[in-house]
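Q: The sequence shown begins at 190 in the working numbering and counts up by one.
First, the structure itself, so that you have it in front of you.
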Amino acid sequence: MRKLKEQQTKVKLVIAGPGSGKTTGLVQEVLSKLPALKSNRFMVVITYTNAATDKIREKLQKETTIPNNLFIGTIHSFLNRFILSPYAYIFGIIPGYIKFIDEITGANDKQKKYIILKHLRDKGIITYEEIETISKTLICGGKLKVQRGEVIINQGIARKITEYLCKRIQAIFIDEYQDANTSEHAIFKRIIESGKTDYFYCVGDPEQYIYSFTYRNKRGKPNFSKIPIKDIEDKVKVTKEEIQTNFRATKNLVSFLNNFSPVNQISQCEEEGDKIYFIKETSIDNILRIFRAKYSQYNPGLDVKYHLSYSLKNNINYFNNIKIIDCNAYSTTRILSESLRYVAGIIDKSLRSIRETRGLPEIELRKIGMKVLKMIKNSPNVSPNEINTMITEELNSSLIHDVDSSSSLEKLKTVFFRHIGGIKDYCATIHKSKGLEADAVLAVAETKNRLHKWFETDPSKRIADLNDECRLGYVAFSRAKKLLCIACLQDIEDFEEKLVKLQVEIIGKTIQNQTL
């Protein structure tokens, strides 16, 4: 993007490392701008996960009443509501009624995948990747194949769409901007360039940029030096702020993390904390036993533990003797969403369709979702028929399909009791642990080569790491609040000197025979 001569949109970029209170800072920024929000425009808060959306909404609800023109949602919900739905139908790109699916699997040939995506789009079935593709075309210009031929959005039309979009949006706030991909970034740059949106705020940490998280199944991955969060700093007039505080981790942990990041953080924790430990074992059973012994011996008051590795498949293989669940813990609002999804599945209609056909305000539908959860809480063995009867009576409907909802109900029960039961022993991929934290973390590298990447401290080599393995280790290490243990499933004799230089204590057989 060229440097902007007449840029009117004020841009603020906040670089903040792990544990620095990025989300809290964003919420405070939103609160400071809310009094000036005009009734005919929107303020938009964008995140990259549902969990982050819920967290921001809950923080805002504690401080203020959220107005109807304050949108809080994921990047895809934003693109759908403000770009795809208003404009794609007008140009014949999508039909009037659409459904969303995650992705297309099994189509390895790019040309075949493109044809499949086009046919699905013609039938109103849109993948999340297509939401980005279509939205970018509408805002930046381009062409798309459709059933009747080809739709061309020239630059004049694209500028008009962008102008109409920006007239609706007064301010934009984006969390974890390092997770923005090139298509999303291109849209935001056009919004900034238009000068019609008053304020653009983004916060993130370049060292938590992970290729396989942000660009999985996508093309156009930029070099690290040109990722969106760095590009926006270089190409627009921006007010930059760097937050160096760390409210999450002990002083020893923060000192260790500073070896891998250009942001030199300062711990706000009063505790010095344990050293960082490397467990010199290659058997996962021994690694787990030593981790648990260390956990109990030195930190009996610790709460949540994470067991992290590169892939979920390997997590299941490695940690089959602990309780394994996805570490993206459900918040109360996510539990309610799951309950409403169950209600929609029984009726076989979307929630929007249920509201419209029965004239229900959203709050009434949410009450039904809460009644489902209350029935489960009061009677864990409640049957699908009992819940379905309640839904039928509440909706005054006889349209419930004769479907076997047993498996759906069991899934909802599992999610619900997991939420209220306080399970505190989590296992997940490093990618899925992004944005979360735990008192104690065990990070396991499957190979010695991966471990070497995790411990790379040379800034130039970290920048040149095309697969982002270096930053993957940083994400794993920075989840810990008090205790960090690292291990590798291959022998690392020639690597011990590097560990010692980084003040990592090597442990193993000395506490191997201890029990929890």
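Using N, Cα and C, we set each Cβ at its ideal position, and we do this for glycine too.
Model, not experiment: these values are computed from the prediction.
Considering only residues of the same chain and omitting the five flanking positions on each side of L259, which have a CB-CB separation below 6 Å?
A: Answer for L259: M232, listed in chain order.
Q: How many angstroms separate the CA atom of Q445 from the CA atom of L691?
A: Checking the displayed sequence, the identity of residue 445 turns out to be Phe instead of Gln. C-alpha separation (whole angstroms): 7 Å.
Q: Here's the rule I'm using: 16 or more other beta-carbon atoms within 10 Å means buried, otherwise exposed. How should K670 be labelled?
A: Label assigned to K670: buried.
Q: Buried or exposed for G206, please, with buried defined as at least 16 other CB atoms from any protein chain shown within 10 angstroms of its CB.
A: Buried, since its Cβ has 16 or more Cβ neighbours within 10 Å.
Q: Take E252 and list the residues in its own chain whose beta-carbon comes closer than 8 Å to its own, dropping the five residues that flank it on each side.
A: For E252, where only same-chain residues beyond five positions count, the Cβ hits under 8 Å are V216 and L220.
Q: With a threshold of 6 Å on Cβ separation, who are the neighbours of Y663 within its own chain once the five nearest residues in sequence on each side are excluded?
A: Once the five neighbours on either side are set aside, the close Cβ partners of Y663 are E396 and F449.
Q: Using the Cβ count rule (16 or more neighbours within 10 Å means buried), how would you classify T618?
A: T618 should be labelled buried.
Q: When DSSP builds the beta bridges, which residues end up paired with M232?
A: Partner(s): L259 and A360.
Q: Can you tell me which residues form a DSSP beta bridge with Y466?
A: According to DSSP, which records beta bridges pairwise, Y466 is partnered with C674 and E694.
Q: Candidates H265, L354 and I473: which alpha carbon is nearest R237's?
A: The sequence given here has Tyr at residue 237, not Arg. Ranking the options by Cα distance to Y237, first place goes to H265.
Q: The beta strand (DSSP E) spanning C458 covers which residue range?
A: No beta strand (DSSP E) holds C458; DSSP gives it neither H nor E.
Q: According to DSSP, simplified to helix, strand and coil, what is N656?
A: Here N656 sits in coil by DSSP.
Q: Going along the chain, which residues of its own chain have a beta-carbon closer than 6 Å to the beta-carbon of F389, five neighbours each way excluded?
A: Cβ neighbours of F389 beyond the five flanking positions: T198, V200, I361 and I381.
Q: By a C-beta neighbour count over all protein chains shown, 10 Å radius and 16 as the cutoff for buried, is N506 buried or exposed?
A: Residue placement at N506 is poorly supported in this model, since its pLDDT is 48, which falls under 50; the coordinates still yield a value, given next. Under this definition N506 is an exposed residue.
Q: Give me, in chain order, the residues of the same chain whose beta-carbon lies closer than 7 Å to that of E470; leave out the 5 immediate sequence neighbours on both sides.
A: Result list for E470: I476, I479, A676 and G697, in chain order.
Q: Mapping DSSP to helix, strand and coil, what is G208?
A: Residue state, collapsed to three classes: coil.
Q: What's the call for Y353, buried or exposed, on a 16-neighbour Cβ count within 10 Å?
A: The residue is exposed, with fewer than 16 neighbouring Cβ atoms inside 10 Å.
Q: Find the nearest neighbour of K244 within the set Y276, S228, G210 and L268, judged by alpha-carbon distance.
A: The candidate whose alpha carbon is nearest that of K244 is G210.
Q: Relative to the C-alpha of T322, which candidate in S228, L273, K440 and Q367 has its C-alpha closest?
A: Selected option, being the one with the closest Cα: L273.
Q: What does the Cβ neighbour count give for A225, buried or exposed, with the cut at 16 atoms within 10 Å?
A: Exposed is the call here.
Q: According to DSSP, what are the bridge partners of Y390?
A: The partner list for Y390 (beta bridge, DSSP) reads K201 and F362.
Q: From I695 to E431, what does the alpha carbon distance come to, in whole angstroms?
A: Their Cα atoms are separated by approximately 34 Å.
Q: Between S228 and Y276, what straight-line distance do the alpha-carbon atoms span, to the nearest angstrom?
A: Looking at the two C-alpha atoms, the distance is approximately 23 Å.
Q: Taking 8 Å as the cut-off, does the segment 416 to 426 touch the segment 450 to 464 (at least 3 CB pairs, one atom from each stretch)?
A: The segment 450 to 464, when compared against the segment 416 to 426, does not touch it at the 8 Å Cβ threshold.
Q: Looking at the strands, I want to know which residues DSSP matches up with A669.
A: DSSP, once it has assigned bridges, lists A627 as partnering A669.
Q: What are the boundary residues of the beta strand (DSSP E) that includes T316?
A: Looking at the DSSP string, the run of the beta strand (DSSP E) that includes T316 is I314 to T316.
Q: Note down the Cα distance separating I468 from L497, rounded to an integer number of angstroms.
A: Taking the straight line from one Cα to the other gives about 14 Å.
Q: Helix, strand or coil, according to DSSP, for A634 in the structure here?
A: Here A634 sits in strand by DSSP.
Q: Can you tell me whether DSSP reads V427 as helix, strand or coil?
A: The answer is coil: DSSP assigns V427 none of H, G, I, E or B.
Q: Report the residue from D463, I473, A438 and G462 whose alpha carbon sits nearest the alpha carbon of S456.
A: Nearest C-alpha to S456: A438.
Q: Round the Cβ separation of D364 and A241 to the nearest angstrom and send it over; I've been treating them as touching at under 8 Å.
A: Yes, they are in contact, since the Cβ atoms of D364 and A241 sit about 6 Å apart, within 8 Å.
Q: Report the partner residues of V335 according to the DSSP bridge assignment.
A: V335 pairs with G338.
Q: According to the neighbour-count rule (16 or more other Cβ atoms, all chains shown, within 10 Å of its Cβ), is V592 buried or exposed?
A: Reliability fails at V592, whose pLDDT of 49 lies under 50, so the model's placement of it is uncertain and the value that follows must be treated cautiously. With fewer than 16 other Cβ atoms within 10 Å, it is exposed.
Q: By the DSSP assignment, the alpha helix (DSSP H) with N574 in it spans what residues?
A: Segment P573 to L584, the alpha helix (DSSP H) holding N574.
Q: Should I681 and K637 be called a contact, given that it needs their Cβ atoms to be closer than 9 Å?
A: Contact: yes.
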